[in-house]
Structures are given as C-alpha cells and as structure tokens.
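Protein sequences appear in the order of chains A and B.
Here the numbering used here is used: the first residue of the first sequence is 1, the next is one more, and so on.
Here the numbering used here is used: the first residue of the second sequence is 1001, the next is one more, and so on.
I have placed the structure first, in the form of structure tokens, so that the comments after it can refer back to it.
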Amino acid sequence: TQLLEQSPQFLSIQEGENLTVYCNSSSVFSSLQWYRQEPGEGPVLLVTVVTGGEVKKLKRLTFQFGDARKDSSLHITAAQPGDTGLYLCARGEYGNKLVFGAGTILRVKS
Amino acid sequence: DTEVTQTPKHLVMGMTNKKSLKCEQHMGHRAMYWYKQKAKKPPELMFVYSYEKLSINESVPSRFSPECPNSSLLNLHLHALQPEDSALYLCASSPTPAYNEKLFFGSGTQLSVL
C-alpha cells in the first residue's frame, strides 16, 4: 500500500480566509479522489482528478492534480463555517481498495 | 434512491455480547465495503464484497464476521469484541468493484465496547 501524506493535519481559520490542503505520494497514481466528512456522517465524494495538470472547480473549491500525478491540492476561497469537516484524499488500489490519506481537519470560525 | 442506510446509528455492547450491524442500498451497486474509523483518523478498509462474494479481507480479527445475504444487504456480525474495537463503522457501496469507482458511504454505526 502506497502511503498518502496530507498536510496540514489541522487547520483553524476565520470565515472569509483562503486555505490550501495538500496530498502527496512518492509514487504515481492514476487518479485521486477528494472526500469531505462532516461530524456524524460518512465521507462524501467531492471530485475525482485523473489527468496530470488537471484543474477542477466546485464552487469555491479548486482541485489540482500535479503534472507528475504524485500530488494534489485542494484550495478553498473565502471559507465559510459550512466548510468545516475532515478532508480526505484517497487513491484506489488493486481490487478497488480505496486507501485514504491521514486527513485534514478544517475548522472555520464565524 | 442514492442512499446507503446503516442501522443502528449507535450501539453499546459488552465484551461477551453478540450483535450485528446492518447496511442496505437500493442503487443496484454490486460492490459493498466495511470500513472502520477511529476519531479524527481516516477510514480503514476491513472487507470488500464483489458480486456478493468476499473479495478482500484486510486481516481483520475473526471476532468480526461479514455477511452479504444479497446484492442489497451487508451485515457485520460482532462477537467477543474488545474495548479497542470501539469506533465508527462505515458501510459503503459502488456500482462495480472496478478500480477507482466512486464510493457512496452510509452515516455509520458508532460502536462502544464496554
């Protein structure tokens, strides 16, 4: 199992600030998924990135996949309290084992 | 219906008890999963069922016994658990067991073992 490193582990910011979460691996992955998990709920898929250099936008969220397909980032513009949650990157492995990174706990204060 | 339904939502059990967690989906998905998640940690895969057959067991102790009675249902039978087994147990499904399919997660069962 190839490890996925996420940073930072914890982020506490004020409403309206911008932030970036990173997901890195020492090996190339064919695609990467980003999930968000709110307290008391299961993770919900936000986006899947497949092509090196790809950029996808989901309202105030921007996802990038590195050119070498070893890293990805999630940027949130003008964070809101509703963005609070655990952000997880994940890669699929043989047999559809979905392996998650350690996660970034985001807290947005109003 | 795009939901994965898990019951119960909360469960407290003693170390000598036998209990079962249930998971149901009616999306026609043919792959179903059990994950275990400790507080503030990522989910960890336990089992994968592909077309109602167990395809992956991540070296889970035998006190956890999965069962897939049909394509819509997934159970996790619990017996003689330890306090360290206390966690959120998440069920998920995907249309097929193909590589990198989107997973649909239930809300989980919060299990406490006393």
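Yeah, the Cβ is synthetic: ideal placement off N, Cα and C, and Gly gets one too.
Three-state secondary structure (DSSP) of residue i
| i | result |
| --- | --- |
| Gly85 (chain A) | strand |
| Pro1066 (chain B) | strand |
| Asp67 (chain A) | coil |
| Glu1084 (chain B) | helix |
| Phe29 (chain A) | coil |
| Leu1103 (chain B) | coil |
Distance CB(residue i)-CB(residue j) smaller than 9 Å
| i | j | result |
| --- | --- | --- |
| Ile13 (chain A) | Val108 (chain A) | yes |
| Gln33 (chain A) | Thr48 (chain A) | yes |
| Gln1025 (chain B) | Ser1107 (chain B) | no |
| Gly92 (chain A) | Lys1041 (chain B) | no |
| Ser1093 (chain B) | His1029 (chain B) | yes |
| Met1013 (chain B) | Leu1081 (chain B) | yes |
Residue span of the beta strand (DSSP E) that contains residue i, given as start and end
| i | result |
| --- | --- |
| Met1032 (chain B) | Ala1031 to Gln1037 |
| Met1027 (chain B) | Counting along the chain, Met1027 (chain B) falls outside any beta strand (DSSP E), and DSSP gives it neither H nor E. |
| Thr20 (chain A) | Leu19 to Asn24 |
| Arg36 (chain A) | Leu32 to Gln37 |
| Ser1046 (chain B) | Checking the displayed sequence, the identity of residue 1046 (chain B) turns out to be Met instead of Ser. It spans Glu1044 to Ser1050 - the beta strand (DSSP E) in which Met1046 (chain B) sits, taken as one unbroken run. |
| Gln1110 (chain B) | Thr1109 to Val1113 |
| Glu5 (chain A) | Glu5 to Ser7 |
Cross-strand partners of residue i (DSSP beta bridge)
| i | result |
| --- | --- |
| Lys97 (chain A) | A:Glu93 |
Fill in: Contact set between the segment 1027-1051 of chain B and chain A, restricted to residues whose Cβ is under 9 Å from the partner
Under the 9 Å Cβ criterion, the segment 1027-1051 of chain B contributes Ala1031, Tyr1033, Tyr1035, Gln1037, Lys1040, Lys1041, Pro1042, Pro1043, Glu1044, Leu1045, Val1048 and Ser1050.
Discussion item. Taking beta-carbon pairs under 9 Å, can you tell me which members of the segment 1075-1102 of chain B lie near chain A?
Written reply: Going along the segment 1075-1102 of chain B in chain order, one finds Leu1088, Leu1090, Cys1091, Ala1092, Ser1094, Thr1096, Pro1097, Ala1098, Tyr1099, Asn1100, Glu1101 and Lys1102 with a Cβ nearer than 9 Å to chain A.
Practice prompt. Quick one: which residues of the segment 87-103 of chain A get their C-beta closer than 9 Å to a C-beta of chain B? List them in chain order.
Written response: Sequence-ordered contacts of the segment 87-103 of chain A with chain B read Leu88, Ala90, Arg91, Gly92, Glu93, Tyr94, Gly95, Asn96, Lys97, Leu98, Val99, Phe100, Gly101, Ala102 and Gly103 [C-beta pairs closer than 9 Å].
Item to complete: Check each residue of the segment 39-50 of chain A: if its Cβ is closer than 8 Å to any Cβ of chain B, include it; give the result in chain order.
Response: Answer in chain order: Gly40, Glu41, Gly42, Pro43, Val44, Leu45 and Thr48.
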